[in-house]
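Protein chains in written order, with this note's numbering: chain X, 55 to 352; chain V, 55 to 352; chain C, 55 to 352; chain U, 55 to 352.
Where is the CB? At the ideal position from N, CA and C, for every residue including glycine.
Before any comments, here is the structure.
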């Protein structure tokens with residue numbers, strides 16, 4: 055399959071279930087909402103060695119938030135609900151409650167699973183806290199240095215999907231990277247997904263296990279490494295490709311990940327120097343979800 | 055003491071020792087170096103419930119880095135060296151190795167304490183990695199999707215200081231916040247320090263322990279809470295103050311924290327609506343370092 | 055009238071007709087589209103002494119542009135069509151054609167008034183230019199250093215409105231400014247309008263003519279100047295107000311300016327320290343359009 | 055000559071005299087100083103059809119400005135002093151006086167040529183203005199909506215140089231553009247220079263006159279146009295080059311332009327996909343200044 059002269063490989067992204075909490079962080083201005091959201095979702099690329107996968111989903115204006123101020127939806131993801139509750143307490147308590155002008159609301163008020171993170175944070179108020187209603191939401195006010203911090207009682211979570219992905223193969227590194235940046239911009243417009251890696255982009259695709267160092271659980275995917283394409287038997291790097299980036303997508307359900315994949319690929323293939331789109335899978339052994347590129351792009 | 059018509063309270067910031075590792079992250083452009091540095095230092099405001107305190111120290115141009123590319127110095131801080139090594143492995147392995155165009159170098163090459171984080175990361179190369187010299191530094195190249203990731207062998211660390219601080223008390227929240235933003239800008243010019251909270255600013259000053267909820271280790275400092283100043287006996291909030299922000303400073307030694315405190319206060323007191331500068335301490339029970347505002351500002 | 059505890063004065067903004075051209079600038083990424091748009095709309099606050107009033111209207115993603123790349127709508131405004139054509143030639147020829155990866159399309163393809171700016175720019179191709187169709191639009195490709203610059207044949211214009219406005223009066227400067235920033239963020243979500251002043255905000259409201267210097271056509275509005283409120287007879291600055299900012303809004307028609315005014319005021323009154331909303335008029339002598347705050351906010 | 059495997063062509067940039075005024079714009083924060091500076095220097099790429107060439111030179115912190123606030127140096131350039139005075143009045147009066155929290159100071163207080171722009175702007179105060187001293191500088195305060203606007207009496211200017219330049223030729227557009235971005239970042243560290251084009255970068259190198267359209271004074275330089283390299287006789291585009299960007303540098307004297315050229319080239323040649331550095335001249339017919347790449351890079 056070819057679009058815009060770029061080959062779309064007949065392959066699929068393999069993805070797996072993850073628990074996702076969704077939080078709406080508001081601020082006095084869009085800038086301050088983003089400051090809190092950025093801190094709260096940092097150190098959150100991969101659960102391999104980060105305490106959670108986390109990212110900014112979308113920015114909304116005051117007409118779409120309970121308190122009439124601009125806001126940012128973020129997602130925080132872990133494999134289990136126990137770890138997720140801990141991450142909510144720590145990330146929201148340390149990075150949102152402490153952030154200038156930030157307040158926090160439930161990003162999934164209709165989900166079955168609800169954590170009482172706001173209720174637990176209220177004890178920081180040491181008896182001075184109070185209950186209030188914000189746009190129909192049960193919330194607490196905690197007097198602190200800047201004034202009152204507002205937090206909704208609960209934060210909802212669902213079982214979503216992690217590891218949606220696609221690869222951009224290009225003539226060189228900068229063309230691949232610009233394609234990745236354009237793809238991340240486009241995916242940012244899709245509701246319900248995040249791209250948790252730095253700037254939304256992965257520079258280091260990995261394989262499960264290792265050929266040489268048996269003590270490693272994951273190592274660089276040498277078959278997608280351009281600098282050694284001539285040394286590695288069975289390399290998947292075409293002769294005219296010298297730079298590859300991957301975008302990893304987490305999201306609330308299969309539909310939004312498909313939409314994000316499509317939006318990302320459509321943006322990436324506009325970039326001069328792009329050669330091919332591929333995706334990462336483990337032969338179906340890792341995850342139950344398959345996102346077939348040809349189905350998504352047809 | 056009064057400067058620019060603003061009262062500088064005769065008090066001191068109380069600070070304590072912490073272990074600090076310093077890393078230089080370079081990128082193809084300043085933008086991409088900052089993307090990696092931001093992800094690697096996120097979720098890093100306070101060791102109370104973050105796995106580390108972390109922040110961006112300064113941006114440098116290519117003439118000041120081993121590989122001739124623009125770079126960003128970051129600091130990562132924990133109480134012990136064991137936890138610090140783990141944070142280096144996880145934050146650098148997950149947020150710098152994975153970041154587009156980012157490479158990493160030792161930010162304290164002359165420190166006695168050195169972690170072989172780069173050496174350990176090289177195993178991700180699964181036998182395809184190679185040793186090289188970058189501007190006189192011993193480094194490894196790891197072939198991956200984008201090309202070769204470069205990491206210096208070691209990352210140095212020292213015993214530094216956490217918890218330097220000062221408070222900005224203002225007529226309202228926005229005046230206090232603009233003062234804090236101006237202070238953070240000014241502190242960013244001081245070598246050797248970070249301001250680890252969101253946007254460099256703390257909205258929620260705390261006290262040790264609790265009056266009401268004995269199970270809490272730290273709670274909101276009600277004596278510096280403007281919204282309840284009329285209800286709290288012994289409130290430290292003046293009648294004309296309705297917003298307070300704190301800046302917390304970590305740094306390599308006492309000298310740089312003093313410099314940063316001075317630079318921050320000098321910037322903050324330029325802002326219309328500012329009323330007073332104070333600082334936080336625990337009566338000398340918590341930390342061995344005292345930063346007296348009157349000594350610093352004289 | 056009071057909303058959120060803030061007085062909305064019973065007054066109106068007086069506005070006048072202006073000619074508005076609307077251009078869609080696309081780029082390889084959102085960043086590069088914004089770089090071109092920012093340069094093309096600079097030095098464009100007021101036709102009093104700028105060659106045009108100009109600003110960024112909104113950012114759109116690739117699915118909404120003729121070439122599938124992210125884009126930015128800008129408006130360029132002058133009193134007459136002759137001056138407008140000159141501004142289009144100069145601003146687009148010097149700041150978009152020259153900008154990295156930028157292409158330009160008609161932002162008002164259905165308007166009656168059309169300038170053949172793209173046709174005229176093609177002569178820069180010196181005979182090497184070619185005609186092409188981009189998403190159903192007649193366009194030209196001009197070979198240059200970066201590759202081919204693409205410009206649509208025509209740029210449309212309409213008679214719109216300049217000078218929609220409102221004032222934010224606050225306890226101090228920083229509170230008023232944060233309110234203005236929040237208002238500009240909110241107005242950015244309204245289609246069809248721009249806020250042409252620096253950062254969207256006016257620090258210097260003016261009156262027509264002068265009391266003292268008769269050679270001046272416009273001077274500072276001393277009745278809205280907080281620092282001299284006690285010296286000026288008939289000052290409109292309340293006792294508790296020490297900072298005022300104005301937002302000026304240009305737009306395609308009365309409806310979008312009303313919407314923008316409402317969105318801006320709703321955002322501004324969320325900010326702590328805000329005291330009052332007002333608006334600027336000249337007693338109906340200057341312009342035929344009146345935007346009554348009480349009608350807009352009811 | 056080859057550096058880092060990239061050919062540096064044995065050629066020179068040809069540059070010519072221009073009048074340069076230098077202004078220091080301060081703000082409550084770095085952000086607000088940049089907002090004013092960006093507006094004041096927009097629509098300022100080339101005097102061919104912009105009213106001036108203009109750009110941001112550097113950001114300084116409060117310890118380096120007369121009023122203790124962060125600031126931004128900008129340069130505004132025209133061929134004659136008469137046009138320069140008009141541009142100062144219009145750009146500073148419309149884009150700095152009107153900008154939130156911005157004040158303006160003389161960026162060349164020791165220059166022989168001084169314009170009394172600040173003195174003239176004071177008449178906007180309509181008799182309410184006052185004289186004051188700011189850090190030893192004679193200044194005026196003008197009461198307006200936000201409070202008092204401060205402007206120094208005079209703005210200095212010198213005869214400087216416009217048109218310093220170099221070209222980055224790369225395998226494709228994105229590699230060339232990333233090289234250009236890295237170069238602009240590096241040049242931003244050099245005191246005394248600006249890169250006036252959008253984002254500091256020129257996408258459209260031109261030649262004097264035309265081959266086909268004799269009514270055009272400047273047209274695209276077809277010999278440096280990659281998309282038609284196979285059609286144009288005597289094309290200077292190598293077979294392996296498909297994207298070229300130029301950086302144009304204005305500056306106070308030959309020394310700073312040489313330094314900026316060197317810093318920019320050193321940064322650009324770090325980028326993967328870069329093939330060659332060249333420069334633009336007109337055979338010595340246009341300007342008296344020659345910047346030989348081999349001299350600068352040796």
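Asked                                                                                                                                                                            : Found
Mapping the DSSP letters down to three states, classify residue 149/U as helix, strand or coil.                                                                                  : helix
For residue 296/V, count neighbouring C-beta atoms within 10 Å of its own C-beta (all shown protein chains included) and say buried if the count is 16 or more, exposed if not.  : buried
Tell me whether the beta-carbon of residue 248/V lies closer than 7 Å to the beta-carbon of residue 111/V.                                                                       : yes
Keeping to the same chain, check which residues put their C-beta closer than 6 Å to that of residue 203/C; ignore five residues upstream and five downstream.                    : 151, 196
State whether the segment 97-104 of chain C contacts the segment 86-98 of chain U, with contact taken as three or more CB pairs (one from each stretch) at a distance under 8 Å. : yes
Alpha carbon to alpha carbon, how far is residue 231/C from residue 328/V? Give it in angstroms, no decimals.                                                                    : 15 Å
Sort 175/X, 306/X, 126/X by Cα distance to residue 142/X and report the nearest one.                                                                                             : 175/X
If you reduce the DSSP assignment to three classes, tell me which class residue 197/U lands in.                                                                                  : strand
Closer than 6 Å to a non-hydrogen atom of the ligand GTP - does that hold for the CB of residue 66/U?                                                                            : The ligand content of the structure shown is nil, which means the ligand GTP is not present either.
Buried or exposed for residue 262/C, please, with buried defined as at least 16 other CB atoms from any protein chain shown within 10 angstroms of its CB.                       : exposed
Would you list the one or two residues that DSSP bridges to residue 267/X?                                                                                                       : DSSP, once it has assigned bridges, lists no residue as partnering residue 267/X.
Let's see if you can read the secondary structure: which residues bound the alpha helix (DSSP H) around residue 349/X?                                                           : 347-351
On a Cα-Cα basis, can you pick out the residue from 170/V, 61/V, 68/V that is closest to residue 27/V?                                                                           : Because chain V in this structure spans residues 55 to 352, residue 27/V falls outside the shown range and cannot be described.
Out of 238/X, 183/X, 214/X, state which residue places its alpha-carbon closest to the alpha-carbon of residue 165/X.                                                            : 214/X
Kindly indicate if chain X contains any beta-carbon less than 7 Å away from that of residue 81/U.                                                                                : no
How is residue 182/C classed by DSSP in three states: helix, strand or coil?                                                                                                     : coil
Could you list which residues in chain U have their beta carbon closer than 8 Å to that of residue 235/V, in chain order?                                                        : 83, 85
Please identify the residue among 89/V, 256/V, 113/V, 267/V whose C-alpha is closest to the C-alpha of residue 124/V.                                                            : 113/V
To which residues of the same chain is residue 238/X closer than 8 Å at the C-beta, ignoring the five residues directly before and after it?                                     : 249, 253, 254, 255, 301, 318
In chain order, which alpha helix (DSSP H) runs of at least 4 residues are fully inside the segment 101-136 of chain C?                                                          : none
Relative to chain U, which residues along the segment 212-230 of chain X have a C-beta separation below 9 Å, given in chain order?                                               : 224, 225, 226, 227, 228, 229, 230
Closer than 9 Å by beta-carbon distance: list the chain X residues that pair up with residue 327/U, in chain order.                                                              : 225, 226, 227, 228, 229, 296, 297, 327
Please classify residue 291/V: does DSSP put it in a helix, a strand, or coil?                                                                                                   : coil
Would you list the one or two residues that DSSP bridges to residue 76/V?                                                                                                        : 129/V
Quick check: the segment 206-213 of chain C against the segment 275-288 of chain U, are at least 3 beta-carbon pairs closer than 8 Å?                                            : no
Assuming contact is defined by CB atoms lying nearer than 7 Å, are residue 9/U and residue 177/C in contact in what I supplied?                                                  : Given a span of 55 to 352 for chain U in the structure shown, any question on residue 9/U remains unanswerable.
I believe residue 210/C touches residue 163/C by the beta-carbon criterion, under 8 Å. Please report the beta-carbon distance rounded to the nearest angstrom.                   : 6 Å
For residue 354/X and residue 102/X, I'd like the C-alpha separation in whole angstroms.                                                                                         : Residue 354/X is absent from the structure shown; chain X starts at 55 and stops at 352.
With the cut-off set at 7 Å, would you say residue 180/V and residue 264/X are in Cβ contact?                                                                                    : yes
With a CB to CB cut of under 7 Å and the five nearest residues on each side skipped, what residues in its chain are close to residue 310/U?                                      : 244, 245, 246, 247
For the alpha helix (DSSP H) containing residue 162/X, list its first residue and its last residue.                                                                              : No alpha helix (DSSP H) holds residue 162/X; DSSP gives it neither H nor E.
Among 89/C, 139/C, 133/C, which residue has its Cα nearest to the Cα of residue 127/C?                                                                                           : 89/C
Apart from the five residues just before and just after residue 139/X, which ones in its own chain have a Cβ nearer than 8 Å to its Cβ?                                          : 169, 171
Quick check: residue 326/U and residue 227/X, are their CB atoms within less than 7 Å of each other?                                                                             : yes
Against residue 243/V, what residues of chain U qualify as contacts under a CB-to-CB distance less than 7 Å, listed in chain order?                                              : 115
Whole angstroms are fine: how far does the CA of residue 259/U sit from the CA of residue 365/C?                                                                                 : Any question about residue 365/C goes unanswered here, given that chain C covers just 55 to 352.
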